[in-house]
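Novice: Chains A and B are the protein sequences, given in the same order. Here our numbering is used: position 336 in the first sequence is 391, and no number is missing along the way. Here our numbering is used: position 4 in the second sequence is 5, and no number is missing along the way.
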Amino acid sequence: MILVTGTNGKTTTTSMIQTMLSDSKKKVISNSTGANMYAGIVACFVDNYSFSKSGGEKYAVIEVDEANVKFITEIISPKIITVTNLFRDQLDRYGEVYTTLKKILEGVEQAPESKLVLNGDESLLGDLGLPNEAVYFGFDTAIDQNTKIDINADAKFCKKCKTPYKYYYLTYNHLGKFYCDVCGYERPALRYSLDKVVELTPDGSMVEINGNQYYINVPGTYNIYNALCAFSVAKELGLENEAIFDSLKSQKSSFGRQEIIDIDGKTVKIILVKNPAGYDQAISTVSLETDKINLVTMLNDNYADGRDVSWIWDVKFEKLSELDIEKVFVSGIRLYDMALRLKIAGLPVEKFMISESYEELLKGISQTESDKVYVLATYTAMISFRKFLNSKGYIKELW
Amino acid sequence: MEKVKMELNICHLYPDLLNVYGDLGNILTLKYRSEKRGINVNISNISIGDSFDPKEYDIVFFGGGQDYEQSIVSSDLSETKKFALSEYIEEGKVLLAICGGYQLLGKYYTTPEGEKLPGLDILDFYTESGNTRFIGNTVIYNEDFKETYVGFENHSGRTHIGSMKPLGKVVAGHGNNGEDGYEGCIYKNTYCTYFHGSLLPKNPELADRFIKTALEGKYGDTVNLEPLDDEIEHKAKEFVIQRESKKK
Numbered sequence: 056m057i058l059v060t061g062t063n064g065k066t067t068t069t070s071m072i073q074t075m076l077s078d079s080k081k082k083v084i085s086n087s088t089g090a091n092m093y094a095g096i097v098a099c100f101v102d103n104y105s106f107s108k109s110g111g112e113k114y115a116v117i118e119v120d121e122a123n124v125k126f127i128t129e130i131i132s133p134k135i136i137t138v139t140n141l142f143r144d145q146l147d148r149y150g151e152v153y154t155t156l157k158k159i160l161e162g163v164e165q166a167p168e169s170k171l172v173l174n175g176d177e178s179l180l181g182d183l184g185l186p187n188e189a190v191y192f193g194f195d196t197a198i199d200q201n202t203k204i205d206i207n208a209d210a211k212f213c214k215k216c217k218t219p220y221k222y223y224y225l226t227y228n229h230l231g232k233f234y235c236d237v238c239g240y241e242r243p244a245l246r247y248s249l250d251k252v253v254e255l256t257p258d259g260s261m262v263e264i265n266g267n268q269y270y271i272n273v274p275g276t277y278n279i280y281n282a283l284c285a286f287s288v289a290k291e292l293g294l295e296n297e298a299i300f301d302s303l304k305s306q307k308s309s310f311g312r313q314e315i316i317d318i319d320g321k322t323v324k325i326i327l328v329k330n331p332a333g334y335d336q337a338i339s340t341v342s343l344e345t346d347k348i349n350l351v352t353m354l355n356d357n358y359a360d361g362r363d364v365s366w367i368w369d370v371k372f373e374k375l376s377e378l379d380i381e382k383v384f385v386s387g388i389r390l391y392d393m394a395l396r397l398k399i400a401g402l403p404v405e406k407f408m409i410s411e412s413y414e415e416l417l418k419g420i421s422q423t424e425s426d427k428v429y430v431l432a433t434y435t436a437m438i439s440f441r442k443f444l445n446s447k448g449y450i451k452e453l454w
Numbered sequence: 002m003e004k005v006k007m008e009l010n011i012c013h014l015y016p017d018l019l020n021v022y023g024d025l026g027n028i029l030t031l032k033y034r035s036e037k038r039g040i041n042v043n044i045s046n047i048s049i050g051d052s053f054d055p056k057e058y059d060i061v062f063f064g065g066g067q068d069y070e071q072s073i074v075s076s077d078l079s080e081t082k083k084f085a086l087s088e089y090i091e092e093g094k095v096l097l098a099i100c101g102g103y104q105l106l107g108k109y110y111t112t113p114e115g116e117k118l119p120g121l122d123i124l125d126f127y128t129e130s131g132n133t134r135f136i137g138n139t140v141i142y143n144e145d146f147k148e149t150y151v152g153f154e155n156h157s158g159r160t161h162i163g164s165m166k167p168l169g170k171v172v173a174g175h176g177n178n179g180e181d182g183y184e185g186c187i188y189k190n191t192y193c194t195y196f197h198g199s200l201l202p203k204n205p206e207l208a209d210r211f212i213k214t215a216l217e218g219k220y221g222d223t224v225n226l227e228p229l230d231d232e233i234e235h236k237a238k239e240f241v242i243q244r245e246s247k248k249k
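#1: Could you give the distance in angstroms between the alpha-carbon of Arg312/A and the alpha-carbon of Thr67/A?
#2: So, with DSSP's three-state summary, where would you put Glu3/B?
#3: Ends of the alpha helix (DSSP H) at Leu444/A?
#4: Just to confirm my understanding: we take Ile409/A, look at its own chain, exclude 5 residues before and 5 after, and list those with CB closer than 7 Å. What are they?
#5: Taking Cβ-Cβ distances below 8 Å as the criterion, which residues of the stretch 186-210 of chain B are in contact with chain A?
#6: Sort Ile315/A, Ala282/A, Lys307/A by Cα distance to Ile299/A and report the nearest one.
#7: Could you name the residues of chain B that Ala394/A contacts, counting a contact when the two beta carbons are closer than 9 Å?
#8: Among Pro133/A, Lys158/A, Ile438/A, Ile131/A, which one has its Cα closest to the Cα of Leu141/A?
#9: Would Tyr224/A and Gly231/A qualify as a contact pair, given that the criterion is a beta-carbon distance under 8 Å?
#10: Quick one: is Pro274/A buried, meaning 16 or more other Cβ sit within 10 Å of its Cβ, or exposed?
#11: Could you work out which residues of chain B lie near Lys442/A, taking near to mean beta carbons separated by less than 8 Å?
#12: When the Cα atoms are used, what is the spatial distance from Gln73/A to Val83/A?
#13: Can you tell which of Thr128/A, Lys134/A, Cys213/A has the C-alpha that lies nearest to the C-alpha of Glu188/A?
#14: Excluding the five sequence neighbours on either side, which residues of its own chain have a C-beta within less than 7 Å of the C-beta of Ser302/A, listed in chain order?
#15: From Leu29/B to Phe196/B, what distance separates their C-alpha atoms?
#16: Grouping DSSP H, G and I as helix and E and B as strand, with all else coil, what is Tyr22/B?
#17: Beta-carbon separation of Ile388/A and Asp363/A under 8 Å?
#18: So the candidates are Thr276/A, Leu350/A, Glu295/A, Leu402/A; which of them puts its Cα closest to the Cα of Thr322/A?
#19: Among Trp366/A, Phe407/A, Gly181/A, Glu405/A, whose alpha-carbon lies nearest the alpha-carbon of Glu151/A?
#20: For Lys329/A, tell me which candidate among Ile204/A, Glu344/A, Glu373/A, Gly361/A has the shortest Cα-Cα distance.
#21: For Lys211/A, return the contacting residues in chain B, with the cut-off set at a CB-CB distance below 7 Å.
#22: Less than 8 Å between C-beta atoms, sequence neighbours within five positions excluded: which residues of the same chain meet that for Lys180/B?
#23: Anything in the stretch 205-232 of chain A with a Cβ closer than 8 Å to a Cβ of chain B? List those residues in chain order, please.
#24: Given this structure, state the Cα-to-Cα distance separating Glu92/B from Val61/B, to the nearest angstrom.
#25: Is the separation between the beta-carbon of Ile279/A and that of Val430/A shorter than 8 Å?
#26: Give every residue of the same chain whose Cβ lies closer than 6 Å to the Cβ of Glu314/A, excluding the five residues on either side of it in the sequence, and list them in chain order.
#27: Quick check: the stretch 86-104 of chain B against the stretch 132-150 of chain B, are at least 3 beta-carbon pairs closer than 8 Å?
#28: Would you mind telling me which residues of chain A sit closer than 7 Å to Leu25/B, beta carbon to beta carbon, in chain order?
#29: For Val101/A, does the three-state DSSP call read helix, strand or coil?
#30: Name the one or two DSSP bridge partners that Asp78/A has.
#31: Quick one: what does DSSP say Gln67/B is sitting in, helix, strand or coil?
#32: Of all the CB atoms in chain A, is at least one closer than 8 Å to the CB of Glu70/B?
#33: Whose CA, out of Pro186/A, Val97/A, Asn265/A, Ala197/A, lies closest to the CA of Ile117/A?
#34: Go ahead and label Leu105/B buried or exposed: buried means 16 or more other beta carbons lie within 10 angstroms of its beta carbon, across all protein chains shown.
#35: Just grab the DSSP bridge partners of Met408/A for me.
Shown next as structure tokens:
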């Protein structure tokens, strides 16, 4: 079993590892729809009951919610546990990054035999003081000139001596090549390194990992991390570079993760947004677009989205005002909170289309001039909007 | 004579440490609403090791943080800023303290582990730890201003303000301690509350009150702020009020 956890990127990374395994002709199952709580994982194994009876080498690539790691490791000792990153998330549930880390570690402590594949650029994951073998991946190159951490980023203070970290470079949020000039704690040595970013486009990225070039068929820096994480797990499992190369090149987006839907000739991309770090990355990815676009933001506050919508004030929507935007559609349960956030961020209110119903939203989208539409939606907003599109015949498969 | 352009100096205390729950929205709102009226806004980020000069600022914002970061703040505050902050508050200048910042201004607070930590002891209230966390949308009513405020609370501390004036009476939610029906605390022009949400975007009356009070204190003259189009603000606020009233 390979267990994938962390705040952002679990679903995409899990899907990438699964594809790499099946492209390597291995037998593999996965909870690929993102049902990552205890019940969802049990259901995945029940569904695949016959798989367990089949002979030969078998893999289960399982995405697990941070607080549920311990329920899995109580029963199973995974071959590999991988942690993507830690960001402030839905604060009404787990709250702080240190609480989230603690929950993950409670799970890891029950599995001392598991190999850990960890994001080395995540300062919270270095020197864990555990008996497990730990392998790190990270960026060995800067994406831009950024060495100064944003005042609002997470985990800025040395976890050992509370001094502010310094950075040779930052990739995004608090991820990067960090060091503490007081106690000497620094980014661990990397076994798998991203050596070069050749090109970033709105459709994908060309990168160099451990000396070889790969095209990642999903865009954005955060997806380079997902690919690097999947690559590292695949190499630890002994998979060949060719299969990894093919998998990344043809990687399909998971549902609601950069999924592309055709609505009356318009290319509609749906991007799931859950927390400030992920939302900032989504905005950076949308910003790679050079054409005029339409933007749809959908904010819900159901349990799975987080009941507290305060987090939108930590997202840098100000960056959107640099883009060539035709219309800004706002929808979801907390649409007025979102509209207010965008107004304060300096987006022109006269371009706002605040839609209380999906019918109205769909009508608005179909009447725009530009053919490119980006939908940034929280979890339950994404699910319900997809259901709506399904009922209108725009999406064939719900899952 | 040409009218002199007014200016507001806002101090954001420990923005790098006390910055969870979107409290940055309060600063962004003060800036937005001031600039719409042609008022210049300067924001100073004051953190560990920086000195705090009470004369330099017109509005101070003091937010809440994660436990790890709050422990770093606590010692720096009492070492370098306690007296200056006390002077600022006593002079009647505008300060907004939220959640952790609120608790730190009082006599003491106890952690969930039972440890009793001294506060700055500037204001006469204290905070005990509770067994459960108060999490959810909140609505309160301020009888003096005849205004309703909405927000989102998320705290395990139970604050007891004694005979001090609250920010409002709880209409929905838990408030300071879940017992006495009050939320927050007002002392002179220092406003304390547990409201995230963020507080000021959806409560523009309160944001304007801070701006007006700060300007009048600074320029010694009555200031009338021109009204802004707050349709979106009011709809966002009304949504919370309606939903919470339906729950009853």
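Here a beta-carbon is modelled for each residue, glycine too, at the ideal position from N, C-alpha and C. In this text, all values refer to a predicted model and were calculated from it rather than measured experimentally.
Specialist: So, from the data block:
#1: Here residue 312/A is taken as the residue at index 257 of the first sequence, counted from 1. Here residue 67/A is taken as the residue at index 12 of the first sequence, counted from 1. Each residue's alpha carbon lies about 8 Å from the other.
#2: Along the second sequence, read from residue 1 onward, the residue named residue 3/B stands at position 2. Low confidence applies to Glu3/B: its pLDDT is 49, below 50, so where it sits in the model is not reliable enough to give any reading.
#3: Reading the first sequence from its first residue, position 389 is the one you call residue 444/A. Segment 434-446, the alpha helix (DSSP H) holding Leu444/A.
#4: On the first sequence, residue 409/A is found 354 positions in, with the first residue counted as 1. Closer than 7 Å at Cβ, skipping near neighbours: Val385, Leu390, Ala394.
#5: His197, Gly198, Ser199, Pro202, Lys203
#6: For this step, residue 299/A is matched to residue 244 along the first sequence. Of Ile315/A, Ala282/A, Lys307/A, the residue nearest in Cα terms is Ala282/A.
#7: For the purposes of this step, residue 394/A is taken as the residue at position 339 of the first sequence. The contacting residues are Ile233, Lys236, Ala237.
#8: Position 86 of the first sequence, counting from 1, holds the residue named residue 141/A. Of the candidates Pro133/A, Lys158/A, Ile438/A, Ile131/A, the one whose C-alpha sits nearest the C-alpha of Leu141/A is Lys158/A.
#9: Position 169 of the first sequence, counting from 1, holds the residue named residue 224/A. Position 176 of the first sequence, counting from 1, holds the residue named residue 231/A. Going by C-beta atoms, Tyr224/A is nearer than 8 Å to Gly231/A.
#10: Position 219 of the first sequence, counted from the first residue, corresponds to residue 274/A. It is buried - the Cβ of Pro274/A has at least 16 other Cβ atoms within 10 Å.
#11: Here residue 442/A is taken as the residue at index 387 of the first sequence, counted from 1. By Cβ distance, chain B contributes nothing, its closest Cβ being about 23 Å from Lys442/A, past 8 Å.
#12: Here residue 73/A refers to the residue found at position 18 when the first sequence is read from its first residue. Here residue 83/A refers to the residue found at position 28 when the first sequence is read from its first residue. Approximately 7 Å, taken between the alpha carbons.
#13: Here residue 188/A is taken as the residue at index 133 of the first sequence, counted from 1. Nearest option by C-alpha distance: Lys134/A.
#14: Walking along the first sequence from the start, residue 302/A turns up at place 247. Contacts found: Met71, Thr74, Met75, Asp78.
#15: As a working mapping, residue 29/B is identified with position 28 in the second sequence. As a working mapping, residue 196/B is identified with position 195 in the second sequence. The straight-line gap from Cα to Cα measures roughly 16 Å.
#16: By one-based count along the second sequence, residue 22/B stands at place 21. The answer is coil: DSSP assigns Tyr22/B none of H, G, I, E or B.
#17: Translated into positions along the first sequence, residue 388/A becomes position 333. Translated into positions along the first sequence, residue 363/A becomes position 308. Their beta carbons are not under 8 Å apart, which means Ile388/A does not touch Asp363/A by this criterion.
#18: As a first step, residue 322/A is located in the first sequence; it is residue number 267 there, counting from the start. The candidate whose alpha carbon is nearest that of Thr322/A is Leu350/A.
#19: In the first sequence, the residue the question calls residue 151/A occupies position 96. The shortest C-alpha separation from Glu151/A is found at Trp366/A.
#20: Your numbering for residue 329/A matches position 274 in the first sequence. Considering only alpha carbons, the answer is Gly361/A.
#21: The count along the first sequence starts at 1 and reaches residue 211/A at position 156. By Cβ distance, chain B contributes Asp17.
#22: The count along the second sequence starts at 1 and reaches residue 180/B at position 179. Correcting the residue identity first, residue 180/B is Glu in this sequence and not Lys. Closer than 8 Å at Cβ, skipping near neighbours: Arg159.
#23: Ile206, Asn207, Lys211, Phe212, Lys217, Pro219
#24: Indexing the second sequence from 1 puts residue 92/B at position 91. Indexing the second sequence from 1 puts residue 61/B at position 60. Rounded to whole angstroms, Glu92/B to Val61/B spans 13 Å at the Cα level.
#25: If you number the first sequence from 1, residue 279/A lands on position 224. If you number the first sequence from 1, residue 430/A lands on position 375. The answer is no: Cβ separation not under 8 Å.
#26: Reading the first sequence from its first residue, position 259 is the one you call residue 314/A. Same-chain partners within the cutoff: Ser308, Ile325.
#27: no
#28: What you label residue 25/B is simply residue 24 of the second sequence in a count that begins at 1. Near Leu25/B (Cβ distances below 7 Å), the residues of chain A are Asn207, Trp368, Asp369.
#29: Indexing the first sequence from 1 puts residue 101/A at position 46. Three-state result, Val101/A: helix.
#30: To locate residue 78/A, count along the first sequence from 1; it is residue 23. Answer by DSSP bridge pairing: none, since Asp78/A is not bridged.
#31: The residue given as residue 67/B occupies position 66 in the second sequence. Here Gln67/B sits in coil by DSSP.
#32: As a working note, residue 70/B is residue 69 in the second sequence. True, the Cβ-Cβ gap to chain A drops below 8 Å.
#33: Numbered from its first residue, the first sequence carries residue 117/A at position 62. Nearest C-alpha to Ile117/A: Val97/A.
#34: Within the second sequence, the letter at position 104 stands for residue 105/B. So Leu105/B ends up on the buried side.
#35: As a working mapping, residue 408/A is identified with position 353 in the first sequence. Beta-bridge pairing links Met408/A to Phe384/A.
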